[in-house]
Amino acid sequence: MFSRQFSRNSRQLGQIALRAARQRRCYATESQQAPSSPLRKGLSFALYGLTFAGLGAGGAWQALKSQGLGFYSDEDSLHRFAPGDDEARRAEEVIQTHPFVAEIRKRTNLTESRPHMKMPAEYRRRSLTGAALLGPRMIVVPPLTWNDAEGKEMVAVAYLGEDVCGHPGIVHGGLVATILDEGLARTCIKALPNQVAVTANLNINYRKPTPAGAFFVMKAETTKVEGRKAWVKGRIETLVEPGQEPVVLAEATALFVSPKYAAMLPKMT
Numbered sequence: 001m002f003s004r005q006f007s008r009n010s011r012q013l014g015q016i017a018l019r020a021a022r023q024r025r026c027y028a029t030e031s032q033q034a035p036s037s038p039l040r041k042g043l044s045f046a047l048y049g050l051t052f053a054g055l056g057a058g059g060a061w062q063a064l065k066s067q068g069l070g071f072y073s074d075e076d077s078l079h080r081f082a083p084g085d086d087e088a089r090r091a092e093e094v095i096q097t098h099p100f101v102a103e104i105r106k107r108t109n110l111t112e113s114r115p116h117m118k119m120p121a122e123y124r125r126r127s128l129t130g131a132a133l134l135g136p137r138m139i140v141v142p143p144l145t146w147n148d149a150e151g152k153e154m155v156a157v158a159y160l161g162e163d164v165c166g167h168p169g170i171v172h173g174g175l176v177a178t179i180l181d182e183g184l185a186r187t188c189i190k191a192l193p194n195q196v197a198v199t200a201n202l203n204i205n206y207r208k209p210t211p212a213g214a215f216f217v218m219k220a221e222t223t224k225v226e227g228r229k230a231w232v233k234g235r236i237e238t239l240v241e242p243g244q245e246p247v248v249l250a251e252a253t254a255l256f257v258s259p260k261y262a263a264m265l266p267k268m269t
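Once you know that position 215 of the sequence shown is 215 in full-length UniProt numbering, the rest is easy, because the numbers rise by one and skip nothing.
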């Protein structure tokens with residue numbers, strides 16, 4: 001789950017913001033200044049670190065947003081992807097025009113987004129599913145996702161290409177598990193304190209081989225919330241035409257916890 005990377009990435013983004021601020025300094029002014037001693041440089045970095053800690057991650061995150069590093073809105077995320085090849089264009093057209101998607105869009109209690117496209121570039125490039133596996137013949141287009149406002153339900157539609165296999169023609173079970181982990185967490189995140197969740201437990205039953213080069217639907221619901229804990233169940237099934245019965249490929253249950261330090265972390269909702 002992306003939230004596992006928050007603490008490390010917040011520190012990395014802070015370093016990025018510092019570099020960006022330095023690049024905006026006037027070089028003419030710098031040329032007039034005497035070279036800094038190692039001690040002076042060390043004190044400067046120490047002062048920056050103390051300032052960062054004093055502001056807290058919330059203040060630091062606002063500073064990053066001013067640098068263009070904040071997360072995008074649900075609406076913005078829908079316009080940040082452009083298919084780059086024929087495979088992506090075909091997959092995007094099928095998803096955008098499919099009757100199942102049209103029916104989901106009629107549900108006014110659900111908000112549509114592309115979660116991977118909500119991430120700023122400096123954050124997303126470190127994401128497994130948002131960068132390393134997002135591309136031709138893999139996760140060909142960013143999945144479309146629908147969530148309610150209370151963290152009770154999630155629906156997603158995705159296409160997986162031919163180069164994410166374990167056995168030939170069958171999607172690797174580890175990728176199926178990753179998709180379930182992220183999707184179930186995304187389902188309950190708005191129901192948890194500070195809207196941050198980390199995986200405490202994930203149980204998967206693989207019902208059928210997941211074919212590569214095919215479209216899928218993920219459906220999930222939050223079954224219980226107690227304080228900082230949320231229990232979720234969901235499944236991945238085939239995307240079918242109206243009147244056809246989908247094939248359930250994998251089912252999962254999971255427990256997610258909002259960590260005690262969650263208030264210090266940026267939110268992806």
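Glycine included, every Cβ here is placed at the ideal spot set by N, Cα and C.
With 16 or more neighbouring CB atoms inside 10 Å of its own CB, A252 falls in the buried class.
For R124, the closest alpha carbon among the candidates G70, P99, A262, S258 is that of G70. For A197, same chain residues with a beta-carbon under 8 Å away, outside a window of 5 residues either side, are M1, S3, A185, C188, I189, A230, F256, V257, S258 in chain order. DSSP links M119 through a beta bridge to no other residue. When only Cα atoms are considered, A82 and E93 end up about 12 Å apart. Excluding sequence positions up to five before and after D85, its CB lies within less than 8 Å of the CB of P136, all in the same chain and listed in chain order. Taking a contact to require three or more Cβ pairs closer than 8 Å, the stretch 195-210 and the stretch 220-227 do not qualify as touching. For L202, no alpha helix (DSSP H) run applies; the uninterrupted beta strand (DSSP E) run containing it begins and ends at 198-206, by DSSP. Taken through DSSP and simplified to helix, strand or coil, A131 comes out as helix. Closest in C-alpha terms to V101, from the list A156, N109, G169, comes A156. Secondary structure at G234: strand, using DSSP grouped into helix, strand and coil. Proximity to K233 across L144, N205, P143 peaks at N205, based on C-alpha coordinates.
Around the C-beta of Y159, 16 or more other C-beta atoms lie within 10 Å, and the residue is accordingly described as buried. Rounded to whole angstroms, the gap between the alpha carbons of D76 and T145 is 14 Å. Around the C-beta of S113, 16 or more other C-beta atoms lie within 10 Å, and the residue is accordingly described as buried.
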